[in-house]
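Mapping to the working numbering: the sequence shown position 103 is 115, numbers consecutive. Cβ coordinates follow ideal geometry from the N, Cα and C atoms, glycine included. Accompanying notes for the structure given below.
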Amino acid sequence: MLSTTLIDKLNAQITLEFYSSNLYLQMAAWCDTRGFPGCSSFLAQHASEEYQHGRKLFTYVMETGGLARVGAIEAPKADFASVQDIFDATLAHEIAITAKINDLVKTAMNEGDFSTFNFLQWYTSEQHEEEKLFRNIVDRIRVIGPDGKGLYWIDKEIGKMGKKDG
Ligand SMILES: [Fe+2]
Ligand SMILES: [Fe+2]
13 MLSTTLIDKL NAQITLEFYS SNLYLQMAAW CDTRGFPGCS SFLAQHASEE YQHGRKLFTY
73 VMETGGLARV GAIEAPKADF ASVQDIFDAT LAHEIAITAK INDLVKTAMN EGDFSTFNFL
133 QWYTSEQHEE EKLFRNIVDR IRVIGPDGKG LYWIDKEIGK MGKKDG
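Okay, structure coming up:
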């Protein structure tokens, strides 16, 4: 059985993963209307992954006898300055999520809840991969620059990454 503290923190994380999903879906819509189909499909695909992260946590809370709860999900920002602005925001968001996962891991460890600690290892490595993925995209955008041709190429590349890395 999970402690009340862990149930609350896991439920907060569930809500945050669903928020991440909505945020990336909203970013996909922005990219779609601005003529960046590659970025749009990459972000929409990533939105599905974030939803699955939330569902995986949701199932875990249910399996351990706690009441899984979806909290209020804030509407994500819908307007962005550029593709670079979007991906800078995704990287900052992923870094903030990593801090939340680290806090969850620390709490499970401090409580001696090794089942939850073990379960969270998946999130730890997943977050490492996600930070790496978004940092890679941000770096590429910086190198290529914001001119029209560069953006066209970036969109194609990011579209391919979506298919490969997800
Ligand atoms: Fe996630
Ligand atoms: Fe993520």
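- [ ] Quick one: which unbroken alpha helix (DSSP H) runs of 4-plus residues sit fully inside the region 87-152? Chain order, please.
- [x] 95-123
Open item on the list: So, with DSSP's three-state summary, where would you put P49?
Closed with: By 1-based counting over the sequence shown, the position of residue 49 is 37. In the structure shown, P49 sits in a helix (DSSP, three-state: H, G or I).
- [ ] Taking all protein chains shown into account, decide if W42 is buried (16 or more other Cβ within 10 angstroms of its Cβ) or exposed.
- [x] Counting from one through the sequence shown, the residue named residue 42 turns up at place 30. Looking at its Cβ environment, which holds 16 or more other Cβ atoms inside 10 Å, W42 is buried.
- [ ] Kindly list the residues whose CB is nearer than 7 Å to the CB of T119, restricted to its own chain and excluding five residues on each side of it in sequence; keep chain order.
- [x] Start at 1 with the first residue of the sequence shown, and residue 119 comes out as number 107. Taken in chain order, the residues that qualify are T17, L18, K21.
- [ ] Return helix, strand or coil for G178, following the three-state DSSP convention.
- [x] What you label residue 178 is simply residue 166 of the sequence shown in a count that begins at 1. Low confidence applies to G178: its pLDDT is 42, below 50, so where it sits in the model is not reliable, and the reading given next is rough at best. Residue state, collapsed to three classes: coil.
TODO: Let me know the secondary structure DSSP gives V39 once reduced to three states.
DONE: Here residue 39 corresponds to residue number 27 of the sequence shown, with the count starting at 1. Reading off the sequence shown, one finds Met at residue 39, where the question assumed Val. The answer is helix: DSSP assigns M39 an H, G or I state.
Open item on the list: Judging by CA-CA distance, which residue of K68, S94, Y31 is the nearest neighbour of H105?
Closed with: Numbered from its first residue, the sequence shown carries residue 105 at position 93. Among K68, S94, Y31, the Cα nearest to that of H105 belongs to Y31.
Open item on the list: In this structure, how does DSSP classify S60 when only helix, strand and coil are distinguished?
Closed with: Mapped onto the sequence shown, residue 60 falls at position 48. Note: S60 maps to helix in three-state DSSP.
TODO: Decide if the region 150-158 is in contact with the region 91-104; the criterion is three or more beta carbon pairs, one per stretch, under 8 Å apart.
DONE: yes
Task: Beta-carbon proximity list for I113, same chain, < 8 Å, skipping 5 on both sides - done: Here residue 113 refers to the residue found at position 101 when the sequence shown is read from its first residue. For I113, where only same-chain residues beyond five positions count, the Cβ hits under 8 Å are Q25, L132, Y135, T136, Q139.
Task: Secondary structure of R154, DSSP reduced to three states - done: Here residue 154 corresponds to residue number 142 of the sequence shown, with the count starting at 1. Helix.
TODO: Find the nearest neighbour of D80 within the set V150, T27, L145, judged by alpha-carbon distance.
DONE: Reading the sequence shown from its first residue, position 68 is the one you call residue 80. Note on residue identity: the sequence assigns Ala, not Asp, to residue 80. Among V150, T27, L145, the Cα nearest to that of A80 belongs to T27.
TODO: Compare the C-alpha of A56 against each of T71, F129, L35 and name the closest.
DONE: Stepping through the sequence shown from its first residue, residue 56 is reached at position 44. Among T71, F129, L35, the Cα nearest to that of A56 belongs to L35.
TODO: Could you tell me whether the Cβ atoms of I109 and C51 are closer together than 9 Å?
DONE: Looking up residue 109 in the sequence shown gives position 97. Looking up residue 51 in the sequence shown gives position 39. No; because the gap between Cβ atoms is not below 9 Å, this pair is not in contact.
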